[in-house]
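Structure record follows, encoded as structure tokens.
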Amino acid sequence: MTTAHIDQRPARIDRVPMGIMLMIGATALFAVSSAISKWLLTSYSVVEILSYRANGSLVVAAALILPRTGLSVFRTERVGQHLGRNGTQCLAQSSLMVAFSMMPLAGAIAINFSSPLFATLFAALWLQEKVGWARGLALTTGFLGVLLVASPGADSFQLGALFALGNAVLFGSVTAAVRGLSKTESAETLTMYQMVILAVAFTLPLPFFFTTPTWFDLLLLLGNGVINGVGQYWWTRSLSLAPPAAVGPFFYTSLVWAMLLGFMIWGDIPTLGLLAGSAVVVGSGIFLLWHESAKKARVLEESLNAE
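Everything in the sequence shown is counted per the working numbering, starting at 345 for the first residue and increasing by one.
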């Protein structure tokens, strides 16, 4: 793909409703995948779980994408940016797995809810999107909500919350990177590079962390990859169809699934801090969505009036 060809591409038209539906579907799948991973962490290493998940996701992505695109899906002039984005994704996923092993599922996911807010911050730094008072307020308020969820005074919760917050920051940067890459890269290209790079990154060290799984656990490990693969494709497609500020807040629907799964599997009852902090983080995201939608409507109205 030449630079001239990139410059001649038509302007992208955001499809926000479709992006929102894909994001909600992705969060449901991610919650199930997270619950499976947390269950397996009692017997297997982070590396082994992520390796099975990455390779299973690669098979799913390849089955969905390659019959339509062939190997041309790997054509890009931004290999370095794909490597950087997915290197960060590796660190983010590893941090989240460690958090799952140290704290309740809903708590880790609730802290991860701040990732769309960090995505807004990184989009301002990397994509030159203006922050403004509304985005700044949402970022500050959302972080205060994270502190409520993390409950810094509880020693048993503190270290796991730190890993969860690290994942949120890294995941936010990945979200902004996907938005930037999607200006020239298709969702299919983004997904295939992600699946290949993650599979290689987590499989290379596997011999040092491998434990032979039982047949039942093997089914869970492989199924985890399939579920995550579909979720990753939907998530990437969502971000390519709509701005992070529009679809990001709907990432919060995973809290519902996480609370239900946490209660059904581990008997976790949401604490007051979790509920209050989640409400603050979700509220800041909804406020941000409302502000962005209103601003876009005003710009459209002014454009129509100018004509």
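Idealized CB from N, CA, C, for every residue including glycine.
Collapsed DSSP secondary structure at residue i in the structure displayed
i: M447; result: coil
i: E421; result: coil
i: F631; result: helix
i: Y396; result: helix
i: Y596; result: helix
i: T533; result: helix
i: D612; result: coil
i: P587; result: coil
i: Y577; result: helix
i: T432; result: helix
i: S387; result: coil
i: R412; result: helix
i: F607; result: helix
i: D499; result: Caution applies to D499, whose pLDDT of 47 falls short of 50 and renders its modelled position unreliable; the value that the coordinates give is listed next. Of the three classes helix, strand and coil, the one that applies to D499 here is helix, per DSSP.
i: F457; result: coil
i: V360; result: helix
i: G489; result: helix
Given residue i as reference, the closest of the options once Cα atoms are compared
i: S401; options: G617, N572, F594 and L632; result: N572
i: G428; options: A521, S628, S584 and T558; result: A521
i: V376; options: T580, G606 and L366; result: G606
i: L488; options: F631, A623 and I630; result: A623
i: G369; options: V442, G629 and R581; result: R581
i: S387; options: M365, G575, F560 and L583; result: F560
i: G629; options: S459, G567, T558 and A543; result: S459
i: W634; options: W610, H426, G510 and A590; result: A590
i: L503; options: N430, P448 and L548; result: P448
i: F631; options: G480, G567, A505 and V574; result: G480
i: L534; options: L385, Q425, M446 and A478; result: Q425
i: V574; options: V360, I393 and A406; result: A406
i: F554; options: L385, M367, S389 and R359; result: S389
i: V404; options: N568, L583, G611 and M367; result: N568
i: G627; options: T432, L566, T484 and L410; result: T484
i: S530; options: I393, M367, W578 and T558; result: W578
i: L566; options: R359, I393 and M367; result: I393
i: L446; options: G476, T432, A505 and A478; result: Per the sequence presented here, residue 446 reads as Met, with Leu not at that position. Of the candidates G476, T432, A505 and A478, the one whose C-alpha sits nearest the C-alpha of M446 is A505.
i: P385; options: P557, L415 and P411; result: Sequence check: residue 385 is Leu here, not Pro. Nearest option by C-alpha distance: P557.
Check whether residue i and residue j have beta carbons under 7 Å apart
i: T519; j: A463; result: yes
i: M539; j: V417; result: no
i: S598; j: F374; result: yes
i: A436; j: F507; result: no
i: L585; j: M362; result: yes
i: S296; j: F466; result: Residue 296 is absent from the structure shown; the chain starts at 345 and stops at 651.
i: C434; j: A512; result: no
i: V391; j: L550; result: yes
i: T413; j: E532; result: yes
i: G621; j: L492; result: yes
i: N430; j: I541; result: yes
i: L461; j: G486; result: yes
i: F457; j: V625; result: yes
Distance cut-off 6 Å: residue i Cβ against heavy atoms of the ligand FAD
i: S389; result: Among the components modelled here there is no ligand, and therefore nothing to report on the ligand FAD.
Short CB-CB distance (under 7 Å) between residue i and chain D
i: L564; result: No chain D appears in the structure shown, which is made up of a single protein chain.
State whether the region 599 to 611 contacts the region 442 to 454, with contact taken as three or more CB pairs (one from each stretch) at a distance under 8 Å.
Taking a cut-off of 8 Å for Cβ pairs, the region 599 to 611 and the region 442 to 454 touch, as three or more such pairs fall below it.
Contact the region 523 to 538 vs the region 375 to 383: 3+ CB pairs below 8 Å
no
Just checking, does the region 610 to 618 make contact with the region 388 to 403 on the three C-beta pairs under 8 Å criterion?
no
Every unbroken alpha helix (DSSP H) inside the region 510 to 565 [4 residues or more]:
531 to 547
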